[in-house]
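Inspection log for the structure reproduced underneath, given as structure tokens.
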Amino acid sequence: MLAALGAANPAAALEPNDPLEPVNRVVFGLNELVDVILLGPVSEAYGELPSPVRTGVRNVLDNLRAPVTFVNDLLQGEPDRAGTTFARFFINSTLGVFGLFDIASELGHQQHKEDFGQTLAVWGVVEGPFLMLPLLGPSTLRDLGGLAVDQLALDPWNTIAGGELQAARAGSEVIDTRYRLDPVIRDVRRNSLDPYATVRSAYAQRRAAEIRNGRPPVGRPAYQSIFEENGDDAE
Amino acid sequence: MTPSECGRRGRRRFLAASAAAALLLVRPRPGSSASAAAPAARFIDSLGQKVIAILRDERLDRQARLDRLTRIFDEATDLSLVARLVLGRYWREASEPQRKEYVALFRALVLKTMAERLDSYGGETYEIVGTQAVDDRDTIVSTRIARPGGTPIAVDWRIREQSGRLVLIDIVAEGVSMVVTQRSEVTEIAGRAGLDGLLEEMRRRLGRSA
Numbered sequence: 002m003l004a005a006l007g008a009a010n011p012a013a014a015l016e017p018n019d020p021l022e023p024v025n026r027v028v029f030g031l032n033e034l035v036d037v038i039l040l041g042p043v044s045e046a047y048g049e050l051p052s053p054v055r056t057g058v059r060n061v062l063d064n065l066r067a068p069v070t071f072v073n074d075l076l077q078g079e080p081d082r083a084g085t086t087f088a089r090f091f092i093n094s095t096l097g098v099f100g101l102f103d104i105a106s107e108l109g110h111q112q113h114k115e116d117f118g119q120t121l122a123v124w125g126v127v128e129g130p131f132l133m134l135p136l137l138g139p140s141t142l143r144d145l146g147g148l149a150v151d152q153l154a155l156d157p158w159n160t161i162a163g164g165e166l167q168a169a170r171a172g173s174e175v176i177d178t179r180y181r182l183d184p185v186i187r188d189v190r191r192n193s194l195d196p197y198a199t200v201r202s203a204y205a206q207r208r209a210a211e212i213r214n215g216r217p218p219v220g221r222p223a224y225q226s227i228f229e230e231n232g233d234d235a236e
Numbered sequence: 002m003t004p005s006e007c008g009r010r011g012r013r014r015f016l017a018a019s020a021a022a023a024l025l026l027v028r029p030r031p032g033s034s035a036s037a038a039a040p041a042a043r044f045i046d047s048l049g050q051k052v053i054a055i056l057r058d059e060r061l062d063r064q065a066r067l068d069r070l071t072r073i074f075d076e077a078t079d080l081s082l083v084a085r086l087v088l089g090r091y092w093r094e095a096s097e098p099q100r101k102e103y104v105a106l107f108r109a110l111v112l113k114t115m116a117e118r119l120d121s122y123g124g125e126t127y128e129i130v131g132t133q134a135v136d137d138r139d140t141i142v143s144t145r146i147a148r149p150g151g152t153p154i155a156v157d158w159r160i161r162e163q164s165g166r167l168v169l170i171d172i173v174a175e176g177v178s179m180v181v182t183q184r185s186e187v188t189e190i191a192g193r194a195g196l197d198g199l200l201e202e203m204r205r206r207l208g209r210s211a
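From first to last, the protein sequence lines are chains A and B. The numbering of the first sequence is this note's numbering, which starts it at 2 and goes up by one. The numbering of the second sequence is this note's numbering, which starts it at 2 and goes up by one.
Pasting the structure below:
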């Protein structure tokens, strides 16, 4: 009876692909622990820095990220977006003093980010199972593969900069990202009935939106089907 | 509240006032489906203005402000309908008393969450950037919410026309839908612990015992 309902219900497509859930939940718990004792306090201290300093850090990190976005723009067949990324990198690395100032945005070149996980999605690769990675957080098999390609093959700084600089960059990236996510993290901890399920669902939805590049969601029958279910049977 | 939080509150008040001034400049752009969409855009605009008016009202203490935000939000939504949509197939399995209690707990949880979210206002301003009719009863109003010193976020509001009145039934922030997310939480718990387990968890969250 239940199985029949599930099959007939198009919203079944919203159900998570999470065969590793027991392991993922353990990793999630450990990540939460690391966050409470280490990342949270460090990001709070980081938040005490003057806002222009934090903005400068974010701008430099975003500028270092541009080559990866540029290659993925091209791999996704988006030459216009690749052009924007290239222009941003050129302007911000020069006029913006090694990326400290985001002059490009003021000149009308807005930032977007791409990664190889998104490129794989554009090429038609499905997400695969959901993964909760130690320290790195929510991902999928596809996005983990994408991350490996971005880091090992597409990011030029590994060969240009030394290991210590790259470690400093990775550390700053983690702390700045954690700081920016702080309101969301607090909200989830405070209001979610099941934070793990919230993070898993929000990750899937967010990635889908990023892959669409802000285009309107066409053919999301699973989402639409939720609202077609009628509450009328309540009466 | 720590001293720095108090300082932030003061700054928020100032920003709220400037945001309200900026709102006078907000003008909905023509929607893609003008006839059905224009009332939905006006509905969101009027909701936004009511919320801002409460946030900038200096005479209200925190509790009074939360109460008013709760009331405004409750009037703008049909939380019994949203509760049913969120529970999905488990709604059909639920008995009448379970449905009643679930809707009551869901309402209480959402109203508490939304009032707190609105109260954490930090000088955001919104702009209505488009409207799109989804089907013969639902319209999506797209807004861009600009944060001081942050990148703007895209928020879509799903409005349903229901017995001649408009109600808000979903909020989608940067592609993340509240209904979809809550549905994943609720079905996860109901799948593991059954409907009674879900109701128990909701009661616990609200600090209520059975």
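Using N, Cα and C, we set each Cβ at its ideal position, and we do this for glycine too.
- Taking a C-beta distance under 7 Å as the contact criterion, Glu162 of chain B and Leu194 of chain A do not qualify as a contact pair.
- By the Cβ criterion, the segment 54-69 of chain B is in contact with the segment 118-134 of chain B, since at least three pairs of Cβ atoms, one from each stretch, lie closer than 8 Å.
- For Phe131 of chain A, the three-state secondary structure derived from DSSP is strand.
- Measuring C-alpha to C-alpha distances from Leu132 of chain A to each of A:Val123, A:Arg143, A:Val126 identifies A:Arg143 as the nearest.
- Neighbours of Arg207 of chain A in chain B, taken as residues whose beta carbon is under 9 Å from its own, are Glu175, Gly176, Val177 in chain order.
- Residue state for Pro149 of chain B is assigned as coil, using DSSP reduced to three classes.
- The C-alpha of Gly198 of chain B is placed about 29 Å away from the C-alpha of Ser140 of chain A.
- If you draw a straight line from the Cα of Val35 of chain A to the Cα of Glu211 of chain A, it comes to about 28 Å.
- Listed along chain B, the residues sitting closer than 8 Å to Pro17 of chain A by beta-carbon distance are Ser185.
- Sequence-distant partners of Arg26 of chain A (beyond 5 residues in either direction) whose C-beta falls short of 8 Å from its own C-beta, in its chain, are Met133, Tyr197.
- The beta carbon of Pro153 of chain B sits closer than 7 Å to those of Arg145, Ile146, Ala147, all from its chain and outside the five residues before and after it, given in chain order.
- Close to Leu106 of chain B, with beta-carbon spacing below 7 Å, lies no residue of chain A; the smallest spacing is near 10 Å.
- Taking C-alpha positions only, Asp139 of chain B is separated from Thr114 of chain B by approximately 24 Å.
- Only residues of its own chain outside the window of five on either side were considered, and among them Ile170, Val180 have a CB closer than 7 Å to the CB of Val83 of chain B, listed in chain order.
- Taking a Cβ-Cβ cut-off of 9 Å, the neighbours of Glu230 of chain A in chain B comprise Arg85, Leu86, Gly89, Arg90, Trp92, given in sequence order.
- The beta-carbon of Ser202 of chain A is placed less than 7 Å from the nearest beta-carbon of chain B.
- Ile161 of chain A counts as exposed, since fewer than 16 other C-beta atoms from the protein chains shown sit within 10 angstroms of its C-beta.
- Val126 of chain A carries a coil assignment under DSSP once its states are collapsed to helix, strand and coil.
- For the C-beta of Ile190 of chain B, the chain A residues within less than 7 Å are, from N- to C-terminus, Leu194, Asp195.
- Around the beta carbon of Thr95 of chain A, a 10 Å sphere encloses fewer than 16 other beta carbons of the protein chains shown; the residue is thus reported as exposed.
- Around the beta carbon of Asn159 of chain A, fewer than 16 other beta carbons lie within 10 angstroms, which makes this residue exposed.
- Assignment of beta strand (DSSP E) within the segment 163-193 of chain A, counting only whole runs of 3 or more residues, yields no such run.
- At the C-beta level, Asp177 of chain A and Val54 of chain A stay beyond 7 Å of one another.
- The DSSP-derived three-state label of Tyr122 of chain B is coil.
- Here the alpha carbons of Gln77 of chain A and Gly195 of chain B stand approximately 44 Å from one another.
- Spatial neighbours of Ile160 of chain B in its own chain (CB-CB distance under 8 Å, excluding positions within 5 residues in sequence) are listed in chain order as Ala41, Phe44, Ile45, Asp139, Thr140, Ile141, Val142, Leu167, Val168, Leu169, Ile170.
- Between Ala83 of chain A and chain B, the shortest Cβ-Cβ separation is not below 7 Å.
- Around the beta carbon of Ser52 of chain A, fewer than 16 other beta carbons sit within 10 angstroms, so the residue counts as exposed.
- Residue contact check for Thr78 of chain B against chain A: no CB pair falls below 7 Å.
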